[in-house]
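For the sequence shown, the working numbering gives the first residue as 30, with consecutive numbering after it.
Each residue gets a CB set at the ideal place from its N, CA and C atoms; glycine is no exception.
Bear in mind that the values here come from a model prediction, so they are computed numbers and not experimental data.
Below is one structure, written out as structure tokens; comments come after it.
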Amino acid sequence: MTEPEFTLTRTLDAPVERVWEAWTDPDQLARWHHPVGVSTPRETVRVDLREGGTYSYTMVADETGETYPTGGTYLTVEPPHRLVFTWGAPGDAREDQPVVSLSLSATGDGTELTLNVTGIAGNPGDDGVYDGWNEALDSLETHVDV
């Protein structure tokens with residue numbers, strides 16, 4: 030039986046190094062790492078960027094103030110091209126946590142970004158996970174455009 034997954038891709042008008050920094054710098058993560066209608070307060074973002082290191086952030090719904098604590102563990106850190114991490118609640122140590130794999134490749138003056146989420150079968154419009162990641166990548170694209 031295959032594990033559920035989905036993949037999103039983007040071609041960004043920014044160099045690989047700039048996109049990598051957007052994914053690994055807490056100040057930048059707070060600016061774009063959330064879906065539409067949600068914010069990520071900078072003071073909630075923590076990054077220990079090393080294999081075995083952890084990250085956490087809390088998204089806040091703009092209208093209701095409802096919070097969504099999120100976090101995980103970095104499994105692979107290969108600057109500036111590959112980042113793999115678990116994704117769930119901070120401190121969640123379940124073996125079946127979703128895993129996010131990010132690959133960045135240079136394409137002329139830009140970057141080809143591939144985001145794969147394993148452990149969730151996301152489809153457009155059927156859950157907040159697929160659409161949330163898609164909207165976050167839209168925000169990333171605006172954030173890194175030069």
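Other residues of its chain near residue i: CB distance less than 6 Å, five sequence neighbours each side excluded
i    : result
T143 : T38, S132
G66  : D91
T204 : The shown model of the chain, from 30 to 175, leaves out residue 204, and the question about it has no answer.
S130 : V113, N145
E141 : T40, S134
Whole-angstrom distance between residue j and residue i, CA atom to CA atom
i    : j    : result
G148 : L112 : 17 Å
T31  : D54  : 34 Å
W116 : W162 : 12 Å
M88  : D138 : 32 Å
Q57  : E50  : 8 Å
CB contact flag (residue i, residue j, <7 Å)
i    : j    : result
P44  : A165 : no
P119 : S68  : no
Proximal residues to residue i (C-beta, below 7 Å), its chain only, five neighbours per side dropped
i   : result
P33 : G148, I149, A150
Sequence-distant residues of the same chain with beta carbon closer than 8 Å to residue i, five excluded per side
i   : result
P70 : A59, T87, V89
Check: residue i C-beta below 6 Å from any heavy atom of the ligand FAD
i    : result
N152 : The ligand FAD is absent from the structure shown, which contains no ligand whatsoever.
- prompt: When the Cβ atoms of the region 35 to 42 are set against those of the region 96 to 113, are three or more pairs found closer than 8 Å?
  reply: The region 35 to 42 makes no contact with the region 96 to 113: fewer than 3 CB pairs, one atom from each, lie closer than 8 Å.
query: Enumerated in chain order, which unbroken segments of the beta strand (DSSP E) with a length of 3 residues or greater are wholly contained in the region 82 to 143?
result: Unbroken beta strand (DSSP E) stretches of 3 residues or longer found wholly inside the region 82 to 143: 83 to 90, 96 to 107, 111 to 115, 128 to 136, given in chain order.
query: Does the region 52 to 61 come close enough to the region 160 to 174 that 3 or more CB-CB pairs lie under 8 Å?
result: The region 160 to 174 is in contact with the region 52 to 61.
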